[in-house]
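Visitor:
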Amino acid sequence: MATEPDLQISPGLYVPGRCLQWRFGPSGGPGGQHANRAHTRAELTLDLAGCDGLDDSIRARLVEKLGPTVTVTADEERSQLRNRGRARERLAARLAAALVRQRPRRPTRPTRGSQRRRVEAKKRRSQIKKGRGRPGLED
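Quick note on our numbering: the sequence shown kicks off at 1181 and runs consecutively.
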(Lines of atoms letter the chains of each structure in order from A and count residues from 1; the text may use other names and numbers.)
(Lines give C-alpha, C1' and ligand atoms only; values in the text may rest on other atoms or scores of the structure.)
Protein backbone atom coordinates (compact mmCIF):
# COMPACT_ATOMS: atom_id res chain seq x y z
CA MET A 1 0.00 0.00 0.00
CA ALA A 2 1.31 3.45 -0.88
CA THR A 3 2.00 5.87 1.91
CA GLU A 4 -0.10 9.01 2.18
CA PRO A 5 1.82 12.20 1.27
CA ASP A 6 2.25 14.84 3.97
CA LEU A 7 -0.46 17.51 4.20
CA GLN A 8 0.84 21.08 3.85
CA ILE A 9 -0.96 23.47 6.21
CA SER A 10 1.17 26.52 5.47
CA PRO A 11 4.65 27.11 4.04
CA GLY A 12 7.02 25.11 6.20
CA LEU A 13 4.28 23.39 8.25
CA TYR A 14 3.22 19.86 7.38
CA VAL A 15 1.08 17.13 8.95
CA PRO A 16 2.71 13.74 8.41
CA GLY A 17 0.75 11.46 6.11
CA ARG A 18 0.89 8.66 8.70
CA CYS A 19 -1.40 10.72 10.98
CA LEU A 20 -4.17 10.87 8.35
CA GLN A 21 -6.84 8.18 8.15
CA TRP A 22 -9.21 7.70 5.20
CA ARG A 23 -12.70 6.16 5.03
CA PHE A 24 -14.79 5.82 1.91
CA GLY A 25 -18.46 5.20 1.26
CA PRO A 26 -21.22 5.86 -1.23
CA SER A 27 -21.98 9.54 -1.59
CA GLY A 28 -25.76 9.18 -1.73
CA GLY A 29 -28.13 11.59 -3.36
CA PRO A 30 -29.38 11.34 -6.94
CA GLY A 31 -27.31 9.55 -9.54
CA GLY A 32 -28.69 6.05 -9.94
CA GLN A 33 -26.54 2.95 -9.70
CA HIS A 34 -23.23 4.81 -9.74
CA ALA A 35 -24.17 6.91 -6.68
CA ASN A 36 -25.52 3.87 -4.83
CA ARG A 37 -22.65 1.47 -5.48
CA ALA A 38 -19.44 3.45 -6.01
CA HIS A 39 -17.56 4.50 -2.87
CA THR A 40 -16.80 8.05 -3.92
CA ARG A 41 -17.43 9.92 -0.62
CA ALA A 42 -14.10 10.55 1.10
CA GLU A 43 -13.81 11.11 4.85
CA LEU A 44 -10.44 12.25 6.17
CA THR A 45 -9.70 12.08 9.90
CA LEU A 46 -6.73 13.55 11.72
CA ASP A 47 -6.09 12.33 15.25
CA LEU A 48 -4.34 15.35 16.76
CA ALA A 49 -3.87 13.71 20.15
CA GLY A 50 -2.05 10.74 18.62
CA CYS A 51 -0.07 12.60 15.96
CA ASP A 52 3.59 12.79 16.94
CA GLY A 53 4.71 14.66 13.83
CA LEU A 54 3.51 18.09 14.99
CA ASP A 55 5.24 20.49 17.36
CA ASP A 56 3.72 20.31 20.87
CA SER A 57 2.72 24.00 20.97
CA ILE A 58 1.03 23.80 17.55
CA ARG A 59 -0.73 20.57 18.47
CA ALA A 60 -1.96 22.11 21.75
CA ARG A 61 -3.42 25.13 19.91
CA LEU A 62 -5.13 22.90 17.36
CA VAL A 63 -6.60 20.63 20.05
CA GLU A 64 -7.82 23.69 21.96
CA LYS A 65 -9.57 25.12 18.89
CA LEU A 66 -10.72 21.96 17.05
CA GLY A 67 -10.72 19.13 19.58
CA PRO A 68 -8.66 15.93 19.67
CA THR A 69 -9.85 14.67 16.27
CA VAL A 70 -10.70 16.61 13.12
CA THR A 71 -12.87 15.03 10.43
CA VAL A 72 -13.73 16.43 7.00
CA THR A 73 -15.81 14.86 4.25
CA ALA A 74 -16.15 15.49 0.54
CA ASP A 75 -18.81 13.95 -1.68
CA GLU A 76 -19.52 16.60 -4.30
CA GLU A 77 -17.46 15.04 -7.07
CA ARG A 78 -18.25 11.84 -8.96
CA SER A 79 -14.68 10.62 -8.56
CA GLN A 80 -13.12 9.34 -5.35
CA LEU A 81 -9.78 10.83 -6.36
CA ARG A 82 -11.21 14.33 -6.72
CA ASN A 83 -13.10 13.98 -3.42
CA ARG A 84 -9.85 12.94 -1.74
CA GLY A 85 -8.22 16.12 -3.04
CA ARG A 86 -11.11 18.25 -1.80
CA ALA A 87 -11.00 16.63 1.63
CA ARG A 88 -7.25 17.31 1.88
CA GLU A 89 -7.82 20.97 0.89
CA ARG A 90 -10.60 21.37 3.47
CA LEU A 91 -8.56 19.84 6.26
CA ALA A 92 -5.57 22.04 5.43
CA ALA A 93 -7.80 25.14 5.36
CA ARG A 94 -9.45 24.25 8.69
CA LEU A 95 -6.08 23.66 10.37
CA ALA A 96 -4.60 26.86 8.93
CA ALA A 97 -7.62 28.88 10.11
CA ALA A 98 -7.27 27.44 13.61
CA LEU A 99 -3.62 28.47 13.76
CA VAL A 100 -4.30 32.13 12.91
CA ARG A 101 -3.88 34.27 16.02
CA GLN A 102 -6.46 36.98 16.60
CA ARG A 103 -4.97 40.34 17.42
CA PRO A 104 -6.25 41.62 20.75
CA ARG A 105 -8.58 44.58 20.37
CA ARG A 106 -7.25 47.79 21.82
CA PRO A 107 -10.15 49.74 23.33
CA THR A 108 -10.50 53.34 22.18
CA ARG A 109 -12.04 56.30 23.96
CA PRO A 110 -14.95 58.25 22.48
CA THR A 111 -13.83 61.37 20.63
CA ARG A 112 -14.63 64.81 21.96
CA GLY A 113 -16.90 65.48 18.97
CA SER A 114 -18.87 62.24 19.48
CA GLN A 115 -19.35 63.05 23.17
CA ARG A 116 -20.58 66.56 22.29
CA ARG A 117 -23.01 65.20 19.66
CA ARG A 118 -24.32 62.65 22.15
CA VAL A 119 -25.01 65.29 24.81
CA GLU A 120 -26.69 67.60 22.27
CA ALA A 121 -28.94 64.77 21.07
CA LYS A 122 -29.90 64.00 24.67
CA LYS A 123 -30.75 67.68 25.27
CA ARG A 124 -32.89 67.79 22.10
CA ARG A 125 -34.72 64.63 23.14
CA SER A 126 -35.27 66.07 26.61
CA GLN A 127 -36.82 69.24 25.13
CA ILE A 128 -39.13 67.14 22.92
CA LYS A 129 -40.33 65.19 25.93
CA LYS A 130 -40.77 68.35 28.03
CA GLY A 131 -43.00 69.76 25.30
CA ARG A 132 -45.40 66.82 25.63
CA GLY A 133 -46.60 67.77 29.11
CA ARG A 134 -49.63 69.86 30.06
CA PRO A 135 -49.19 73.55 29.58
CA GLY A 136 -48.22 75.15 32.88
CA LEU A 137 -49.09 78.50 34.40
CA GLU A 138 -46.17 80.25 32.73
CA ASP A 139 -47.47 79.39 29.23
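Where a beta carbon is used, it is the ideal one built from N, C-alpha and C, also for glycine.
Taking THR1183 as the reference, give the member of ARG1281, LEU1200, TYR1194 and ILE1189 with the closest Cα.
Guide: Position 3 of the sequence shown, counted from the first residue, corresponds to residue 1183. Here the closest residue by C-alpha is LEU1200.
Visitor: Quick one, which of ALA1222, VAL1243 and LYS1309 has its alpha-carbon nearest ARG1274's?
Guide: Along the sequence shown, one-based indexing puts residue 1274 at 94. Nearest C-alpha to ARG1274: VAL1243.
Visitor: What would DSSP say about VAL1299, mapped onto helix, strand or coil?
Guide: Reading the sequence shown from its first residue, position 119 is the one you call residue 1299. VAL1299 falls in the helix class under three-state DSSP.
Visitor: I'd like to check one pair, GLU1223 with THR1249: are the Cβ atoms closer than 9 Å?
Guide: On the sequence shown, residue 1249 is found 69 positions in, with the first residue counted as 1. On the sequence shown, residue 1223 is found 43 positions in, with the first residue counted as 1. Cβ distance not < 9 Å, so THR1249 and GLU1223 don't count as in contact.
Visitor: DSSP puts VAL1252 in a beta bridge; with which residues?
Guide: Here residue 1252 refers to the residue found at position 72 of the sequence shown. VAL1252 pairs with LEU1224.
Visitor: Let me confirm a value: ASN1216 is counted as buried when at least 16 other C-beta atoms fall within 10 Å, else exposed. Which label applies?
Guide: Position 36 of the sequence shown, counted from the first residue, corresponds to residue 1216. Exposed, by the Cβ-count rule.
Visitor: For a quick check, are the C-beta atoms of GLN1260 and HIS1219 less than 9 Å apart?
Guide: For the purposes of this step, residue 1260 is taken as residue 80 along the sequence shown, with counting starting at 1. For the purposes of this step, residue 1219 is taken as residue 39 along the sequence shown, with counting starting at 1. Cβ distance < 9 Å, so GLN1260 and HIS1219 count as in contact.
Visitor: Which residues in the same chain have their Cβ closer than 8 Å to the Cβ of LEU1246, if we skip the five residues on either side of it in sequence?
Guide: Here residue 1246 is taken as the residue at index 66 of the sequence shown, counted from 1. Excluding positions up to five away in sequence, the list reads LEU1228, ARG1274, LEU1275 and ALA1278.
Visitor: Going along the chain, which residues of its own chain have a beta-carbon closer than 6 Å to the beta-carbon of ARG1270, five neighbours each way excluded?
Guide: As a first step, residue 1270 must be located in the sequence shown, where it is residue number 90. Cβ neighbours of ARG1270 beyond the five flanking positions: VAL1252.
Visitor: Pull up the DSSP beta-bridge partners for GLN1201, would you.
Guide: To locate residue 1201, count along the sequence shown from 1; it is residue 21. The partner list for GLN1201 (beta bridge, DSSP) reads THR1225.
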